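Asks: Provided herewith is a single structure, encoded as structure tokens, for subsequent inquiry.
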Amino acid sequence: MKGGTSSLGFASMFSSRTSRKSISHPEHGDAMAEGEEYRNPTEVQMSQLVLPCHTNHRGELSIGQLLKWIDTTACLSAERHAGCPCVTASMDDIYFDHTISVGQVVNIKAKVNRAFNSSMEVGIQVVSEDLCSEKQWSVCKALATFVAHRELSKVKLKQVIPLTEEEKTEHGVAAERRRMRLVYADTIKDLLTHCAIQDDLDKDSSNMVPAEKTRVESVELVLPPHANHQGNTFGGQIMAWMENVATIAASRLCHAHPTLKAIEMFHFRGPSQVGDRLVLKAIVNNAFKHSMEVGVCVEAYRQEAETQRRHINSAFMTFVVLDKDDQPQKLPWIRPQPGEGERRYREASARKKIRLDRKYLVSCKQAEVALSVPWDPSNQVYLSYYNVSSLKTLMAKDNWVLSVEIDEVSLYILEEEFLSFHLEMVVHVDAAQVFTLLSDLLRRPEWDKHYRSVELVQQVDEDDAIYHVISPALSGNTKPQDFVILASRRKPCDNGDPYVIALRSVTLPTHRETPEYQRGETLCSGFCLWREGDQLTKVSYYNQATPGFLNYVTTNVAGLSTEFYNTFKACESFLLENRNDLAPSLQTL
Numbered sequence: 018m019k020g021g022t023s024s025l026g027f028a029s030m031f032s033s034r035t036s037r038k039s040i041s042h043p044e045h046g047d048a049m050a051e052g053e054e055y056r057n058p059t060e061v062q063m064s065q066l067v068l069p070c071h072t073n074h075r076g077e078l079s080i081g082q083l084l085k086w087i088d089t090t091a092c093l094s095a096e097r098h099a100g101c102p103c104v105t106a107s108m109d110d111i112y113f114d115h116t117i118s119v120g121q122v123v124n125i126k127a128k129v130n131r132a133f134n135s136s137m138e139v140g141i142q143v144v145s146e147d148l149c150s151e152k153q154w155s156v157c158k159a160l161a162t163f164v165a166h167r168e169l170s171k172v173k174l175k176q177v178i179p180l181t182e183e184e185k186t187e188h189g190v191a192a193e194r195r196r197m198r199l200v201y202a203d204t205i206k207d208l209l210t211h212c213a214i215q216d217d218l219d220k221d222s223s224n225m226v227p228a229e230k231t232r233v234e235s236v237e238l239v240l241p242p243h244a245n246h247q248g249n250t251f252g253g254q255i256m257a258w259m260e261n262v263a264t265i266a267a268s269r270l271c272h273a274h275p276t277l278k279a280i281e282m283f284h285f286r287g288p289s290q291v292g293d294r295l296v297l298k299a300i301v302n303n304a305f306k307h308s309m310e311v312g313v314c315v316e317a318y319r320q321e322a323e324t325q326r327r328h329i330n331s332a333f334m335t336f337v338v339l340d341k342d343d344q345p346q347k348l349p350w351i352r353p354q355p356g357e358g359e360r361r362y363r364e365a366s367a368r369k370k371i372r373l374d375r376k377y378l379v380s381c382k383q384a385e386v387a388l389s390v391p392w393d394p395s396n397q398v399y400l401s402y403y404n405v406s407s408l409k410t411l412m413a414k415d416n417w418v419l420s421v422e423i424d425e426v427s428l429y430i431l432e433e434e435f436l437s438f439h440l441e442m443v444v445h446v447d448a449a450q451v452f453t454l455l456s457d458l459l460r461r462p463e464w465d466k467h468y469r470s471v472e473l474v475q476q477v478d479e480d481d482a483i484y485h486v487i488s489p490a491l492s493g494n495t496k497p498q499d500f501v502i503l504a505s506r507r508k509p510c511d512n513g514d515p516y517v518i519a520l521r522s523v524t525l526p527t528h529r530e531t532p533e534y535q536r537g538e539t540l541c542s543g544f545c546l547w548r549e550g551d552q553l554t555k556v557s558y559y560n561q562a563t564p565g566f567l568n569y570v571t572t573n574v575a576g577l578s579t580e581f582y583n584t585f586k587a588c589e590s591f592l593l594e595n596r597n598d599l600a601p602s603l604q605t606l
């Protein structure tokens with residue numbers, strides 16, 4: 018980590034202050050009787066013994082069968098919350114970390130993380146269990162979106178009330194994940210338009226397999242056992258059929274039995290019903306050194322005479338071929354067809370880059386993410402997501418400890434993997450105006466002495482911007498610090514949600530380290546703002562300490578609380594003095 022510490026202003030000197038907890042949020046009453054173990058009211062569990070009829074050639078559970086069980090469990094959880102029939106709308110990326118052998122047990126647990134107007138995010142965990150050794154393995158985690166549907170009336174779902182720390186974290190982050198899903202298609206288009214993707218189309222084709230040799234087409238008739246009580250085809254059944262044709266396509270490339278490792282995020286574009294004929298098409302889009310991407314398309318029609326087919330779904334699946342030691346084998350190259358085949362080939366390369374970035378940022382633990390992550394068009398959506406979700410996760414912690422309270426400013430401390438600080442106060446300014454003022458980092462030097470100057474480097478979109486900040490030198494250092502900061506701003510998704518301003522370090526090729534400054538870094542910091550009433554806002558500032566800042570804390574314990582307090586009171590004065598400012602450029606945020 019670079020000599021720096023923190024996160025500017027509050028971030029630089031306060032590069033790690035983060036403290037406060039939902040201690041100050043009103044708690045809901047006990048959800049269980051005394052001595053009873055708490056269980057989420059939407060939670061559904063399914064346990065299945067893997068029989069030979071469920072397995073593939075390797076004696077392992079077919080992923081298609083697993084997808085059917087996952088979809089069923091998640092749907093039952095969604096319907097428990099909605100009180101009416103639900104259909105699968107989409108499924109986020111699924112990474113399969115462990116295979117399941119015949120004779121083992123599959124334990125699936127699903128619960129609703131958050132409900133929106135008529136849709137819900139359902140979180141799913143899959144664990145395998147060996148009954149003889151009593152060992153258990155995590156197989157995969159998944160996030161599915163379900164839509165509630167009634168025949169005669171519009172559905173308005175009741176809100177999910179999170180109680181535990183985990184539930185509060187998932188509830189807060191679900192809104193950000195929903196935002197990410199909505200822009201996913203545009204992310205792929207932007208990457209292909211603005212970024213150079215290495216396609217290797219000019220390599221020697223003598224040892225390449227023509228993509229057309231991997232093409233598969235199959236038809237399925239939707240029968241009553243494949244559908245729910247409303248006659249709509251189970252999403253899990255469609256996924257199972259898709260996995261079947263994708264596996265055949267992958268086998269035609271490698272002339273072996275491939276293993277499915279990941280399914281890309283996908284959406285169901287429309288329903289299919291009993292009586293539909295589903296045409297499933299699959300082809301290998303691209304083959305990399307040890308993995309291949311297979312594209313699958315599903316179309317539906319009712320009668321043979323129909324000329325117009327309905328597009329139900331498209332998905333991209335990643336396969337590997339494992340040797341006897343379960344290590345991935347090298348795969349032959351693919352030669353795409355000119356035109357559409359080359360387009361799919363290039364898009365597969367783009368998806369692979371995005372998939373790797375997303376898996377790194379979204380799936381790994383916070384401690385495993387570098388302080389400053391390179392910023393580029395392929396990861397900007399996911400880096401923004403991680404920025405906001407990290408702050409919401411920190412906010413949801415339930416073990417904040419009140420350290421000191423001075424003149425209605427509270428300082429909380431959290432000691433876990435990282436030392437974190439959290440400051441809290443109430444100001445007599447409207448929450449939207451507080452959000453507008455604190456969102457504008459260009460005005461931060463007006464109240465925070467730890468921000469000497471701020472330059473807007475890039476306005477990514479209306480919610481995200483990158484700034485270069487110069488901060489005075491910390492005691493014991495001769496050089497001033499500089500930071501390259503991603504600021505992500507979010508308005509509340511529902512009543513009761515906070516306004517969020519999340520900050521974290523990124524790296525840009527245009528703003529590299531220079532001898533003039535000592536590069537500082539911030540892992541996670543920012544503001545959460547709650548509307549407490551008319552012209553009344555609860556302001557909470559969080560900061561997670563980076564290693565460099567810990568040295569400062571150790572030598573400045575006595576003055577730390579006063580330093581925090583003075584900066585936060587200066588923030589309060591700034592908000593009060595500017596409560597009637599319009600700032601048109603930011604009012605639209």
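Numbering-wise (the working numbering), the sequence shown opens with residue 18 and increments by one. Even glycine gets a Cβ: it sits at the ideal position worked out from N, Cα and C. Just so we're clear, the structure is a prediction, and the values are computed from it rather than from any experiment.
1) Closer than 7 Å by C-beta to GLU182: which residues in its own chain qualify, once you throw out the five before and the five after it? Chain order, please.
2) Just tell me which of ASP114, VAL122, PHE133 has its CA closest to the CA of ASP511.
3) For the structure I just gave you, are there three or more beta carbon pairs, one from the region 451-462 and one from the region 358-375, closer than 8 Å?
4) Going by DSSP in three states, PRO69 sits in which element: helix, strand or coil?
5) So, for THR571: in the same chain, excluding its five sequence neighbours on each side, which residues have a beta-carbon less than 7 Å away from its beta-carbon?
6) Assuming SER503 and LEU400 form a contact by the criterion Cβ under 8 Å, report the distance between their Cβ atoms to the nearest whole angstrom.
7) Please list, in chain order, all residues of the same chain as ALA587 whose beta carbon is under 8 Å from its beta carbon, the five residues on each side excluded.
8) Is ASP499 helix, strand or coil when you go by DSSP?
9) Return helix, strand or coil for LYS173, following the three-state DSSP convention.
10) Just reading off the alpha helix (DSSP H) that TYR402 is part of, what are its end residues?
11) Taking the alpha helix (DSSP H) that ASN57 belongs to, which residues open and close that run?
12) Taking the alpha helix (DSSP H) that SER456 falls in, what are its first and last residues?
13) Is PRO509 closer than 7 Å to CYS545 when the C-beta atoms are compared?
14) Below 8 Å on the Cβ atoms is my guess for LEU295 versus SER289; work out the distance and round it to an integer in Å.
15) Report the residue from ASN261, TYR484, ASP109, ILE430 whose alpha carbon sits nearest the alpha carbon of ILE80.
16) Quick check on this structure: which residue in ARG131, GLN62, GLU281, TYR362 has the alpha carbon closest to the alpha carbon of LEU180?
17) In the DSSP assignment, find the alpha helix (DSSP H) that holds ARG97 and state where it starts and stops.
18) Hey, LYS128 and VAL139 are a contact pair by Cβ (cut 8 Å); roughly how many whole angstroms apart?
19) Which residue wins for smallest C-alpha separation from TYR582, given the options PHE163, SER94, LEU440, GLN325?
20) Skipping 5 residues on each side, what residues in its chain have a beta carbon closer than 7 Å to that of THR72?
21) Which class does PHE585 belong to by DSSP, given the choice of helix, strand or coil?
22) Give me, in chain order, the residues of the same chain whose beta-carbon lies closer than 6 Å to that of THR410; leave out the 5 immediate sequence neighbours on both sides.
23) Run the CB neighbour count on LYS152, radius 10 Å, all protein chains shown included, and call it buried at 16 or more, exposed below.
24) For GLN476, which of ASP457, ASN494, VAL291, ASN124 has the nearest alpha-carbon?
25) From the DSSP output, in three-state form, read off TRP154 for me.
26) Can you name the start and end residues of the alpha helix (DSSP H) that GLU193 belongs to?
27) Given a cut-off of 7 Å, decide if VAL156 and SER64 are closer than it, judged by their beta-carbon atoms.
28) Below 8 Å, can you find three or more Cβ-Cβ pairs linking the region 309-325 to the region 253-270?
29) Could you work out which residue in PHE113, ASN124, THR579, GLY253 is closest to GLU422 when comparing CA atoms only?
30) Are the beta-carbon atoms of ALA257 and THR250 separated by less than 7 Å?
31) Suppose you measure from the CA of THR116 to the CA of ARG232; what does that come to, to the nearest Å?
32) Return the chain-ordered list of same chain residues with a C-beta closer than 8 Å to the C-beta of VAL523, the five sequence neighbours on each side being excluded.
33) When you compare only the Cα positions, how much space is there between GLN176 and ASP203?
34) Tell me the rounded alpha-carbon separation between SER557 and SER488.
35) When burial is assigned at 16 or more other CB atoms within 10 Å of the CB, is ALA161 buried or exposed?
36) Terminal residues of the continuous alpha helix (DSSP H) containing ALA263?
Replies: Quick answer:
1) The residues ALA413, LYS414, ASP415, in chain order, have a CB closer than 7 Å to that of GLU182 in the same chain once the five nearest residues on each side in sequence are set aside.
2) Distances from the alpha-carbon of ASP511 to those of ASP114, VAL122, PHE133 put PHE133 closest.
3) no
4) In the structure shown, PRO69 sits in a helix (DSSP, three-state: H, G or I).
5) Reliability of the predicted coordinates at THR571 is poor, the pLDDT of 40 falling under 50, and the value obtained from them is presented with this limitation in mind. Contacts found: none.
6) At residue 503 the sequence reads Leu, which differs from the Ser that was named. The C-beta distance from LEU503 to LEU400 rounds to 7 Å, short enough to fall under 8 Å.
7) TRP464, ASP465, LYS466
8) Strand.
9) Look at LYS173 here: in three-state DSSP terms it is coil, with no helix or strand label.
10) Here the alpha helix (DSSP H) through TYR402 covers 397-412.
11) ASN57 -> no alpha helix (DSSP H), and no H or E assigned at all.
12) 448-456
13) no
14) 6 Å
15) ASN261
16) ARG131
17) 80-99
18) 7 Å
19) LEU440
20) LEU78, SER79, VAL119
21) helix
22) THR186
23) exposed
24) ASP457
25) strand
26) 182-199
27) no
28) Yes, since at least three Cβ pairs between the region 309-325 and the region 253-270 fall closer than 8 Å, the two stretches touch.
29) Relative to GLU422, the option among PHE113, ASN124, THR579, GLY253 whose CA is nearest is THR579.
30) no
31) 27 Å
32) SER389, VAL390, PRO391, TRP392, LEU400, ILE483, VAL501, ILE502, LEU503
33) 29 Å
34) 22 Å
35) Buried: at least 16 other Cβ atoms inside 10 Å.
36) 252-271
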